[in-house]
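Engineer: My structure is below; once you've seen it, I'll send some questions.
Protein chains: 2
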Amino acid sequence: MPRCKSCGKTADGYVLRHAKMHLCKECFIKYYERKVLNTILKHGMLKGARFIAVAVSGGKDSSALLRVLRKIAPELKMVAIHLNLGIAGYSDECQKTVEELCSQLDVNYVVYDLRREEGFSIPDFQDTPYGRRICGVCGTVKRYLLNKIAYRLGADRIATGHNLDDVVEILFELYLRGAVEELVRIRPVSWSTHPKMVHRIKPLIEMTEEENLYYSSATETPFTESKCPLGKGSRMMKRKELIALLEKNIQGFKHMLYKSHVKRILPKLEQSIEEPTLKECKLCGMPALKEICSYCKISSKVRKADVNQP
Amino acid sequence: MPRCKSCGKTADGYVLRHAKMHLCKECFIKYYERKVLNTILKHGMLKGARFIAVAVSGGKDSSALLRVLRKIAPELKMVAIHLNLGIAGYSDECQKTVEELCSQLDVNYVVYDLRREEGFSIPDFQDTPYGRRICGVCGTVKRYLLNKIAYRLGADRIATGHNLDDVVEILFELYLRGAVEELVRIRPVSWSTHPKMVHRIKPLIEMTEEENLYYSSATETPFTESKCPLGKGSRMMKRKELIALLEKNIQGFKHMLYKSHVKRILPKLEQSIEEPTLKECKLCGMPALKEICSYCKISSKVRKADVNQP
């Protein structure tokens, strides 16, 4: 039976493969919380923050996020935002988990029901030209609505549960495509450049999927193990499998690629790529790169004009 | 039996996997020579060139290079340079192949025997601290000597047989390490920034290993199929296997990574990374980044002071 590297007790199954380290449950929890705090401090994520909105889907990552933030910053005003995406056999389970989670952690929460508030749900995109890249569209919808809700609530930070695996998957894709304008936006913190844009922080960006799963389980935090049925077999899932293969061949691959990006390549790219100036969308008034923001562009394809429209 | 995509005749085994294309022997040769010419023109590799030195090891890549350059630029003054690296059971076979190659193509050549001229051979590094990264050391030795010989001969270009697989393997490594100063040096052409440095060009940078092998075989150009015994199981070889795996999963991976680097990322990095100023090495007088050039640094570890020293 392996021993905990930290306290010497029996280590009951927590193996940090990238660090070749066994830890017992208690020491793992300490390690995890210390590491997240370190990420937060290193990037000044909560410097001057008064009110933080935490995006919670009900999955292992965002459940871990809510708990660790509550632990690290117990005094900070906090609200959880949950988007019910209207995916049959999945979204309602997620919502129930979030309700349980927030009540356990004693955090106020907002549930925003996409169908009720916006007149469409994510599966509606399946019958549009966006059907083949539904994960991308869903990401745009979530990013837009989280910002809008957090802005209206008066929050000065949005925290999301993006983990190391998510970020490395995107980095791999963007480096391969040479998408330099998008690469410079992959950062631990996206500071706002528009009055209606809330600062976005990713406190779990250095934690692997596996670590978040361990933490949620070890702390008995409610989370759902269900996966989104629309994401199955997606390009993103295939890339993640490929990255797992790379990690198996090059131990530490994910941590290396992330660190090389953030510490070495990103600062150089930032010097030669201008930050784009955000305008206001002509339709909704929220921040936009073009005349019409990407949310208004894509939602116009599915919005049922008669249902709950302003 | 598949048909040649170009002429419709039976295609006898030339499959360009990345382009999903079958070609007959004659059309493959035309395709190959046109593509190399295109690379040369696109990057102005031979603009104003009067005298080109071609590095030939005797392997498939450099044999293909010498032939295709002879075909594309038959009027250009040309010399082949072969370094005999003193690797038992390998180097002498390479040298014989080069002699045969140059006599078939009617190209003047210089054989530079490392042991005779420099007092050491590549295997001598095995017993030094450089033993574990002997491929890297060999690369430094070759780069240095090729430049010195080409410079003394009065050549204004050095052409090397680096292929797409070589370059992608290095790019993968450097992006993973975030080695930005080294990344900006991975270019189709390295224009000289010092009077004693000869412009370096890589005309085969867009051709795969497999294409070079096809071309050498199809044109009955002499080349050796032996692999360097010192390179077996090296980090470089392992990375190449990994890249083959990536190519299998993401068709066109190698071409994509190369193009993204050269067209999109490199120009941005170049804007924020200064070209280092080359000095002259205090020992040998050749271009150097530091007081002592890397060749003098590493060769001092193996040089037998009494053998053929100036």
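Chains as they are written, first to last, in numbering that gives the first Met the number 0: chain A, 0 to 309; chain B, 0 to 309. Note that the Cβ used here is the ideal one computed from N, Cα and C, for glycine as well. Bear in mind the structure is a predicted one, so any value in this text is a computation, not a measurement.
1) Taking the alpha helix (DSSP H) that valine 110(A) falls in, what are its first and last residues?
2) Buried or exposed: arginine 66(B), going by 16 or more other Cβ atoms within 10 Å of its Cβ?
3) Per DSSP, valine 53(A) forms a beta bridge with which residues?
4) Look at the alpha carbon of proline 1(A) and the alpha carbon of glutamate 116(B), and state the distance between them as a whole number of angstroms.
5) Can the beta-carbon of proline 202(A) be found closer than 7 Å to that of threonine 38(A)?
6) Please name the residues in the region 170-193 of chain B whose beta-carbon is closer than 7 Å to at least one beta-carbon of chain A, in chain order.
7) Please state if the CB of glycine 85(A) and the CB of arginine 114(A) are separated by a distance shorter than 7 Å.
8) Just to confirm my understanding: we take aspartate 164(A), look at its own chain, exclude 5 residues before and 5 after, and list those with CB closer than 8 Å. What are they?
9) Ends of the alpha helix (DSSP H) at leucine 163(A)?
10) Alpha carbons only, please: which of Leu75(A), His260(A), Leu100(A), Ala52(A) is nearest the one belonging to leucine 182(A)?
11) What is the DSSP secondary structure of arginine 16(B), counted as helix, strand or coil?
12) Would alanine 63(A) pass as a contact of tyrosine 257(A) if the rule is Cβ separation under 7 Å?
13) Under the rule that 16 or more other beta-carbon atoms within 10 Å means buried, what is aspartate 250(B), buried or exposed?
14) Got a sec, what are the start and stop residues for the alpha helix (DSSP H) proline 266(B) sits in?
15) For cysteine 101(B) and lysine 24(B), I'd like the C-alpha separation in whole angstroms.
16) What are the residues of the region 262-295 of chain A that lie near chain B, defined by any Cβ-Cβ distance shorter than 7 Å?
17) Is the Cβ of leucine 22(B) closer than 7 Å to any Cβ of chain A?
18) Just checking, does the region 139-151 of chain A make contact with the region 281-293 of chain A on the three C-beta pairs under 8 Å criterion?
19) Between Ile121(A), Ser225(A), Leu22(A), Pro73(A), which has its C-alpha nearest alanine 10(A)'s C-alpha?
20) For leucine 145(B), decide whether its Cβ has a neighbour in chain C, counting only Cβ atoms nearer than 7 Å.
21) If contact means a Cβ-Cβ distance below 9 Å, which residues of the region 226-246 of chain A contact chain B?
22) Taking the C-alpha atoms as reference points, what is the distance between leucine 104(B) and lysine 59(B)?
23) Would you call the region 118-133 of chain B and the region 27-36 of chain B in contact, with 3 or more CB pairs under 8 Å?
24) I need the DSSP call for lysine 59(B), collapsed to helix, strand or coil.
25) Candidates Pro73(B), Ala79(B), Met44(B): which alpha carbon is nearest valine 53(B)'s?
26) Would you say leucine 256(B) lies against chain A (beta-carbon separation less than 7 Å)?
27) Report the three-state DSSP secondary structure of leucine 229(B) (helix, strand or coil).
28) If contact means a Cβ-Cβ distance below 7 Å, which residues of the region 38-69 of chain A contact chain B?
29) Starting from phenylalanine 28(A) and walking both ways along the alpha helix (DSSP H), at which residues does that stretch end?
30) Excluding the 5 residues flanking lysine 41(B) on each side, which residues of the same chain have their C-beta closer than 6 Å to its C-beta?
31) Please report the Cβ distance between threonine 96(A) and glycine 138(A), rounded to the nearest whole angstrom; I am assuming they are in contact, meaning their Cβ atoms lie under 8 Å.
32) Would lysine 4(A) and glutamate 32(A) be called neighbours here (beta carbons separated by less than 7 Å)?
33) Straight-line CA distance for glycine 232(A) to alanine 87(A)?
34) So isoleucine 264(A) and valine 179(B) are in contact, right, with Cβ under 8 Å, and what is the actual spacing, rounded?
35) Mind reading off the beta-carbon distance from histidine 193(A) to proline 275(A)? Whole number of angstroms is fine, and I expect it under 8 Å.
36) Taking 7 Å as the threshold (C-beta atoms), are methionine 235(A) and cysteine 93(A) in contact?
Structural biologist: Looking at the atomic coordinates:
1) Segment 107-112 is the beta strand (DSSP E) holding valine 110(A); no alpha helix (DSSP H) there.
2) buried
3) Ala79(A), Ala158(A)
4) 57 Å
5) yes
6) Residues passing the 7 Å Cβ filter: Tyr174, Leu175, Arg176, Gly177, Val179.
7) yes
8) Thr207, Glu208, Lys239, Ile242, Lys253
9) 163-176
10) His260(A)
11) helix
12) Pairing alanine 63(A) with tyrosine 257(A) gives a Cβ-Cβ distance that is not under 7 Å.
13) First, the amino acid is wrong: residue 250(B) is glutamine here, not aspartate. Per the 10 Å Cβ criterion, exposed.
14) Counted as a single uninterrupted DSSP element, the alpha helix (DSSP H) harbouring proline 266(B) occupies residues 265-271.
15) If you take the alpha carbons of cysteine 101(B) and lysine 24(B), they lie about 23 Å apart.
16) Against chain B - using a Cβ distance shorter than 7 Å - the residues of the region 262-295 of chain A are Lys262, Arg263, Ile264, Lys267, Leu268, Gln270, Ser271, Ile272.
17) no
18) yes
19) Leu22(A)
20) Included in the structure are the protein chains A and B, with no chain C among them.
21) Lys237, Arg238, Glu240, Leu241, Leu244, Leu245
22) Computed Cα separation, rounded: 15 Å.
23) no
24) helix
25) Ala79(B)
26) yes
27) DSSP places leucine 229(B) in coil when its eight states are reduced to three.
28) none
29) What sits at residue 28(A) in the sequence shown is isoleucine, not phenylalanine. Start and end: 24-41.
30) none
31) So it is not a contact: roughly 21 Å between Cβ atoms.
32) no
33) 18 Å
34) In this structure isoleucine 264(A) touches valine 179(B) by the C-beta definition: roughly 6 Å separates them, less than 8 Å.
35) With a contact defined as Cβ atoms closer than 8 Å, histidine 193(A) and proline 275(A) miss out at about 11 Å.
36) no
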